[in-house]
Every structure is written in structure tokens, then in C-alpha cells.
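Novice: Under numbering that gives the first Met the number 0, the final residue of the sequence shown carries the number 544; numbering is consecutive throughout. Let me give you the structure first, and then I'll get to my questions.
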Amino acid sequence: MNIAEWTPILATIVCVPSSLAVAAGVARDTVSVVPQPMSIERREGSFVITPSTQVIAEGQAAGGAPKLIDALRPAMGYRLSRVESPTSATSTIRMKIDPSLRDRIGDEGYELDVGPQSINILACEPAGLFYAVQTLRQLLPPEIFSRQEVKGIEWSLPCVHVTDRPRLRWRGLLIDPARHFIPVADIERFIDTMALHKFNRLQIHLTDDQGWRIEIKRYPQLTETGAWMDFTALSRGGQSADGPRPGGFYTQDDIRRLARYAADRHVTIVPEIEMPAHTGAAIVSYPHLGLHPENLNKLPIGERWTANERVLAPRPQTVTFMQNVLAEVIGLFPSRHIHIGGDEANIAHWKQSDEMQAMMHELHLKDETELHSWFIKQMDTFLTSQGRQLVGWDEILQGGLASGAVVMSWRGQEGGIKTAQAGHDVVMAPTSHTYFDYYQGPAQTEPKAIGGFIPLEKVYGFEPVPEVLDAEQAKHVLGGQGQLWGEYIADQKHREYMAYPRAAALAEVLWSPQESRGYEQFRLRLTNHLKRLAVLGTNYRPLDR
Ligand code: ACM
Numbered sequence: 000m001n002i003a004e005w006t007p008i009l010a011t012i013v014c015v016p017s018s019l020a021v022a023a024g025v026a027r028d029t030v031s032v033v034p035q036p037m038s039i040e041r042r043e044g045s046f047v048i049t050p051s052t053q054v055i056a057e058g059q060a061a062g063g064a065p066k067l068i069d070a071l072r073p074a075m076g077y078r079l080s081r082v083e084s085p086t087s088a089t090s091t092i093r094m095k096i097d098p099s100l101r102d103r104i105g106d107e108g109y110e111l112d113v114g115p116q117s118i119n120i121l122a123c124e125p126a127g128l129f130y131a132v133q134t135l136r137q138l139l140p141p142e143i144f145s146r147q148e149v150k151g152i153e154w155s156l157p158c159v160h161v162t163d164r165p166r167l168r169w170r171g172l173l174i175d176p177a178r179h180f181i182p183v184a185d186i187e188r189f190i191d192t193m194a195l196h197k198f199n200r201l202q203i204h205l206t207d208d209q210g211w212r213i214e215i216k217r218y219p220q221l222t223e224t225g226a227w228m229d230f231t232a233l234s235r236g237g238q239s240a241d242g243p244r245p246g247g248f249y250t251q252d253d254i255r256r257l258a259r260y261a262a263d264r265h266v267t268i269v270p271e272i273e274m275p276a277h278t279g280a281a282i283v284s285y286p287h288l289g290l291h292p293e294n295l296n297k298l299p300i301g302e303r304w305t306a307n308e309r310v311l312a313p314r315p316q317t318v319t320f321m322q323n324v325l326a327e328v329i330g331l332f333p334s335r336h337i338h339i340g341g342d343e344a345n346i347a348h349w350k351q352s353d354e355m356q357a358m359m360h361e362l363h364l365k366d367e368t369e370l371h372s373w374f375i376k377q378m379d380t381f382l383t384s385q386g387r388q389l390v391g392w393d394e395i396l397q398g399g400l401a402s403g404a405v406v407m408s409w410r411g412q413e414g415g416i417k418t419a420q421a422g423h424d425v426v427m428a429p430t431s432h433t434y435f436d437y438y439q440g441p442a443q444t445e446p447k448a449i450g451g452f453i454p455l456e457k458v459y460g461f462e463p464v465p466e467v468l469d470a471e472q473a474k475h476v477l478g479g480q481g482q483l484w485g486e487y488i489a490d491q492k493h494r495e496y497m498a499y500p501r502a503a504a505l506a507e508v509l510w511s512p513q514e515s516r517g518y519e520q521f522r523l524r525l526t527n528h529l530k531r532l533a534v535l536g537t538n539y540r541p542l543d544r
């Protein structure tokens, strides 16, 4: 049965008030996986996990077994045993890598077969096994997401056959510790919930005017000064200056640990080091990076972040400085993609600078957009020489796109369309559908947000691959990303509230087949799914708020 056939049955099963559903045992039979798998076929019966259930994972699948066992242990209160071959077990969960399935399920896909006595999981790569485990967890009662043992529950899941693979390769979220520092433990929890939704990219906006958050050994002032600017949009005339101190930074050890934690959950952290604008913290730390270092000390300390309008002077020494920063960054993050920002540069300041005008003349650059592009190209050349790939916001299209660059299209999808048509890769992240720092309900009843209005249904209606692209061009759309900019998000509870359930909608947009999408049936599945988030302790905006 494909999804279209499945939907009416799903609707009849799920369309029961949740309290009644639990009382009648109906919720136990409900299949409501988010994001919706490519194909899910319901079969007779159920499988019950008990302490005697054995996990069998051979060869390359071996790494998948502990992930399954660890995911089930807290709520079940016991560890399933792992064996090489089944003993007298009455029930088994078998995991296997089978590269011959690649044409059907790709690198991240899986097959999950749940029968009354055995569960069989097949994938081509460990990522697929991991995603099968995420689906398996969602087939169990929501209490499985508890971090403490839950007694008195039968850990049963309905018999199903699932064949699944993602629609798109880049399924991302962005968080912003530059505006309000985010403790490592909060990022880890955030990654846990992302992984449950099969997201695989976490962009971390590590530097901005308000703070520099990553230790760079060669330039210690970046964090000694730049990590403690201690102001935010909230503290500067926003709602309140209360709450956690906004300053802080990640040591290189923190970063290594975080990158490993994410990789274990098949999430790649994409670091973002902003340039040539949004660089107030860097300029305050190293004034010679700015246009007029001599002016900096004339400003009161609290105003220095505004120095030189927060744009770098792209002198050769500045290029070297930023390449040296990137050299340390790529030593810490295994991500092929390294984001260099590139957005919202107030290049008019270069126009007013005799020094910059002379430099442009020398480089035969006709205007400031070309100087911007020249600077980005220096980073592109460097990253390419190191085997990495530059990503930048769509302003990097102006003045000529660097040869190896990937564009992140935020000012609508037009920039992304141009990029794909020019044969470059693009990630769609438009303000219209993916800015989760925007309001999701009426402003007067919501926590203060930066503005805008992007309710859940709008996110669900996002189409990351514009119709105007032909099949070849469409292949350049790597995927999409939701943004949680941090100006007005000061803590984890609020971050989660802004993210969910909108990120669940985005996960489905990016993972599930386009033809399977339907907002009404998504809402029905979401009702059950939100119980999982509640048990997990992830905050979210209630559907009926
Ligand atoms: C952006 O929102 N300035 C990328």
C-alpha cells in the first residue's frame, strides 16, 4: 500500500481525541511517523520488545546496534543484548548493511520490516540504519522518548513494511550563539531532536557584531575581547535585559566534542564565520581589521561594536587574517561546506574610503560589489585549496560568483534559481518560509520575535525546488534550511518553541516525497508526534494555542 492509499485509514485511526485514543488502546495502533516515509505498508499484528529481545548486527552494521540499544535503554530501563547469531530468542531485531540496495534507497535510505517475531533493518550505509532506528522509535509508544525508566508499558509496535529515503540531501537548521550564547549541552539536546526528524545539517552562526564564539589560537583577542561584548537586541531597547548573560565562547575542545556528538547522530555541523560584514566583534578585538582603526578608541566602550559600521577593510592583511581563522576552523570541523556569511555588507563605507578606492583601482575592480566579490573569492580559493567548499548567503552572487561557491538563498528563492541555472549548488533558506525567528501566531499573544509571520501551514507549503528549474538544474538544489536567528531568542525553551512544530513541517518538506504531502494528514500525525516531543522535554508551540 502506498501513502495515498494509506492516508484514509490513517485518518480514521488517528482522528480520535488523544485521551480517548489512549483509553481505548487506539494510540498503540496508530502509525504517525514524522517525516512521512516514502512508503509505509501496514500489516497484521504487532511486535513486542522485551528484555529477551536480541539485537543482531554483523559486519558494517555493528555500529548501528549500540545506537538502537542506547536509544531504547533509558525508557525501557534495560539494555537489549547484542549477539552474533540468535540463540533461543523468541524475538530479534536484525540490522544489516546491503550495498546492493543503493539504487532503491540511496545512501541515507533504509528498509524496515516489522513482523510479529522479528524486525529486519537494511541499509546501504550507517546513516540509513540510524534513520531506521528513528522511525522504529516513532512506532513505539511515545513514552519511549522518556529519559527515565517508564514502568508498566508494553513496548509494542505495529507490523509494518517501510521503504524510505530522503527527497533532498541538505536538511538543515541554523542556530545563532553569536547573538545569545548557547551552552554546549543545549546544542547537544537540540541535535538530539533534529536527528529524530532526520535533519542532517546544523549551521552554527559563530560570529557577528554581538560576539565571537569560537576560540582561535592564533588570535586570542577574538574571544578574550570579542566573546564578552555583552549586549543583544533585547538588552538594547528590546523587551528585557534579564536572562542569561549573553557572552561566552566555545573552546577548541568544546568544538571537537560537539562535532563528534553531531556526527554520531549523522548531523554535520556547518560553521559560519561571517565576513566581510557582521564583524563588529572581530573589529573591536583587532581594530586593524576595520576601515578606521584610529577612530575606535574614540567611541564609548558600549558603542565600539558599531565601529566602522561593522564591515572589514578587505586589505591583503585582512584576507590573510581571515584565511588563518578559516584554517583553524577547518581543522576543527570535518564539514566539507564552510559558510563565510557574505550577507548585508554595508559596502557604501568602502566608497567613502580613499584607501579602498585606491585598492579597487589597483585590482581593476569597477565598483564595491566587485571588491566584495574579490574578497569572497580569496576565501573560496583558500577553502578549495584545502579540499573544502565555500557557502555564502545570496549576496555573494553580486559582483560575480566565486567558482567553487554554494549559495544559500535567503532573500527569496530568486538568487537560488539563478545559482542553479548557472550550474552551482544552492540551499534554499528563504525568509518567506524558513525564518523560524519570525512570529508563528498573532504578535500580541506570542513571545517577542523579530517580526514577520510564518505559521506552520506556510512552512508546510514550502517548495524548495522551484518549478522553473529543469531536471538538470533542479539537481543543484541540495535542500533547504530553517533559521533560528538569536536576536530575540535568549534560551533553549524559547529556541525550541520557535523551532517546533515548524521544523517538523520543514523536515517533512525536505525528506518526504513531494506527492505524499498533505497538510491535513500531517496535522493528524503531528498530534501524536507532539506527545513524543513532550515526553522528550522538547518545548513546542501547541497546535491549538
Ligand atoms: C540573513 O538573514 N541576513 C542571512
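All C-beta atoms, glycine included, are put in the ideal place defined by N, C-alpha and C. Computed from a predicted structure; not experimentally measured.
What's the C-alpha gap between E142 and V318?
Specialist: Against the sequence shown, residue 142 aligns to sequence position 143. Against the sequence shown, residue 318 aligns to sequence position 319. The alpha-carbon atoms of E142 and V318 are separated by roughly 53 Å.
Novice: Taking DSSP's pairing of strands, which residues face K95 in a bridge?
Specialist: Numbered from 1 along the sequence shown, position 96 holds the residue referred to as residue 95. Answer by DSSP bridge pairing, in chain order: L121.
Novice: Go ahead and pull the three-state DSSP assignment for V467.
Specialist: Counting from 1 along the sequence shown, the entry for residue 467 is found at position 468. It is coil, neither helix nor strand.
Novice: Enumerate, from N- to C-terminal direction, the unbroken beta strand (DSSP E) stretches of 3 or more residues contained entirely within the stretch 438-510.
Specialist: 476-483
Novice: Which residue's Cα is closest to the Cα of D229: D208, I215, I375?
Specialist: One-based indexing of the sequence shown puts residue 229 at position 230. Of D208, I215, I375, the residue nearest in Cα terms is D208.
Novice: Distance check for F332 and R255, CA to CA, integer angstroms please.
Specialist: Within the sequence shown, the letter at position 256 stands for residue 255. Within the sequence shown, the letter at position 333 stands for residue 332. Answer to the nearest angstrom: the Cα atoms are 7 Å apart.
Novice: Take every Cβ of the stretch 464-484, pair it with every Cβ of the stretch 171-187, and state whether three or more of those distances are shorter than 8 Å.
Specialist: yes
Novice: Which two residues bound the contiguous alpha helix (DSSP H) that contains M359?
Specialist: Counted from its first residue, the sequence shown places residue 359 at position 360. Where M359 is concerned, the enclosing alpha helix (DSSP H) stretches over 353-361.
Novice: Classify L362: buried if its beta carbon has 16 or more other beta carbons within 10 angstroms, exposed otherwise.
Specialist: If you number the sequence shown from 1, residue 362 lands on position 363. With fewer than 16 other Cβ atoms within 10 Å, it is exposed.
Novice: Compute the Euclidean distance between the alpha carbons of R212 and A226, then round it to the nearest angstrom.
Specialist: If you number the sequence shown from 1, residue 212 lands on position 213. If you number the sequence shown from 1, residue 226 lands on position 227. Distance between the alpha carbons of R212 and A226 is about 6 Å.
Novice: Alpha carbon to alpha carbon, what distance is there between I186 and I416?
Specialist: The count along the sequence shown starts at 1 and reaches residue 416 at position 417. The count along the sequence shown starts at 1 and reaches residue 186 at position 187. The alpha-carbon atoms of I416 and I186 are separated by roughly 32 Å.
Novice: Candidates D102, W169, G517: which alpha carbon is nearest L509's?
Specialist: The residue labelled residue 509 in the question sits at position 510 within the sequence shown. It is W169 whose Cα lies nearest to the Cα of L509.
Novice: Ignore the nearest five residues each way along the sequence and tell me which others in L126's own chain have a CB closer than 7 Å to its CB.
Specialist: The residue given as residue 126 occupies position 127 in the sequence shown. For clarity, residue 126 is Ala in the given sequence; the question names Leu instead. Around A126: D106, E107, H265.
Novice: Taking H287 as the reference, which of F320, H196, I300 has the closest Cα?
Specialist: On the sequence shown, position 288 is the one that residue 287 refers to. Residue F320 is the option with its Cα nearest to H287.
Novice: Would you list the one or two residues that DSSP bridges to W169?
Specialist: Position 170 of the sequence shown, counted from the first residue, corresponds to residue 169. DSSP lists G478 as partners of W169.
Novice: Since Y109 sits in a beta bridge, which residues does DSSP pair it with?
Specialist: The residue labelled residue 109 in the question sits at position 110 within the sequence shown. Y109 pairs with A122, D163.
Novice: Throw me the rounded Cβ distance for the R303 and H277 pair, which I believe falls under 8 Å.
Specialist: Position 304 of the sequence shown, counting from 1, holds the residue named residue 303. Position 278 of the sequence shown, counting from 1, holds the residue named residue 277. About 15 Å; that fails the 8 Å criterion.
Novice: Give the C-beta separation of D342 and W392 to the nearest angstrom, bearing in mind that I take them to be a contact with Cβ-Cβ under 8 Å.
Specialist: Sequence index remark: in the sequence shown, residue 342 carries index 343 (1-based). Sequence index remark: in the sequence shown, residue 392 carries index 393 (1-based). D342 to W392, Cβ: 4 Å. Contact.
Novice: How big is the Cα-Cα spacing for G24 and I152?
Specialist: Locating residue 24 in the sequence shown gives position 25, where the first residue counts as 1. Locating residue 152 in the sequence shown gives position 153, where the first residue counts as 1. Confidence is the limiting factor: at G24 the pLDDT is only 36, short of 50, which leaves the residue's position unreliable, though a coordinate-based value still follows. Each residue's alpha carbon lies about 12 Å from the other.
Novice: Judging by CA-CA distance, which residue of A533, L205, A404, L370 is the nearest neighbour of G386?
Specialist: In the sequence shown, counting from the first residue as 1, residue 386 sits at position 387. Closest by alpha carbon: A404.
Novice: Does the pairing of the stretch 27-46 with the stretch 66-81 give three or more beta-carbon distances under 8 Å?
Specialist: no
Novice: If you check the beta carbons only, do G523 and Y499 fall under 9 Å apart?
Specialist: As a working mapping, residue 523 is identified with position 524 in the sequence shown. As a working mapping, residue 499 is identified with position 500 in the sequence shown. With the sequence shown as reference, residue 523 is identified as Leu, and Gly is not the correct amino acid for it. In this structure, Y499 does not lie closer than 9 Å to L523 by Cβ.
Novice: With I104 as the anchor, note down where its beta strand (DSSP E) starts and where it stops.
Specialist: As a first step, residue 104 must be located in the sequence shown, where it is residue number 105. Run containing I104: none in the beta strand (DSSP E); it sits in the alpha helix (DSSP H), 101-104.
Novice: Strictly under 9 Å for the Cβ-Cβ distance: is T305 near chain C by that measure?
Specialist: Protein chain content of the structure displayed is limited to a single chain, and chain C is not contained in it.
Novice: Taking 8 Å as the cut-off, is the CB of T430 close to at least one heavy atom of ligand 1?
Specialist: Position 431 of the sequence shown, counted from the first residue, corresponds to residue 430. Yes - ligand 1 has a heavy atom lying nearer than 8 Å to the Cβ of T430.
Novice: Under DSSP, the alpha helix (DSSP H) around A280 begins and ends at which residues?
Specialist: As a working mapping, residue 280 is identified with position 281 in the sequence shown. That run of the alpha helix (DSSP H) goes 279-284.
Novice: What number of angstroms, rounded off, separates the C-alpha of F189 from the C-alpha of A70?
Specialist: Counting from one through the sequence shown, the residue named residue 189 turns up at place 190. Counting from one through the sequence shown, the residue named residue 70 turns up at place 71. Taking the straight line from one Cα to the other gives about 16 Å.
Novice: Is the stretch 100-119 touching the stretch 157-165, taking contact as three or more C-beta pairs under 8 Å?
Specialist: Yes, the stretch 100-119 is in contact with the stretch 157-165.
Novice: Is it a yes or a no for the stretch 71-83 touching the stretch 190-203, going by three-plus beta-carbon pairs under 8 Å?
Specialist: Counting C-beta pairs with one atom in each stretch, the stretch 71-83 and the stretch 190-203 have fewer than three that are closer than 8 Å, which means they do not touch.
Novice: Between the alpha carbons of R101 and A131, how many angstroms are there, rounded?
Specialist: What you label residue 101 is simply residue 102 of the sequence shown in a count that begins at 1. What you label residue 131 is simply residue 132 of the sequence shown in a count that begins at 1. Cα to Cα, the separation comes out at about 15 Å.
Novice: Checking 9 Å against the spacing of the C-beta atoms, do L221 and S145 come in under that value?
Specialist: Working through the sequence shown from its first residue, we reach residue 221 at position 222. Working through the sequence shown from its first residue, we reach residue 145 at position 146. No, these two residues do not count as a Cβ contact at 9 Å.
Novice: Between A504, H493, E462, R516, which lies nearest to T537 when the distance is taken from Cα to Cα?
Specialist: Position 538 of the sequence shown, counting from 1, holds the residue named residue 537. Minimum Cα distance to T537 is reached at H493.
Novice: Are there 16 or more other CB atoms within 10 angstroms of the CB of Q116, so buried, or fewer, so exposed?
Specialist: Residue numbering aside, residue 116 sits at position 117 when the sequence shown is read from its first letter. Exposed, since its Cβ has fewer than 16 Cβ neighbours within 10 Å.
Novice: Which residues does DSSP pair with Y249 in a beta bridge?
Specialist: Your numbering for residue 249 matches position 250 in the sequence shown. Answer is I213.
Novice: On the DSSP bridge list, what partners appear for V390?
Specialist: For this step, residue 390 is matched to residue 391 along the sequence shown. Per DSSP, H338, V405.
Novice: Any heavy atom of ligand 3 closer than 8 Å to the CB of Q482?
Specialist: The model on display carries ligand 1 but not ligand 3.
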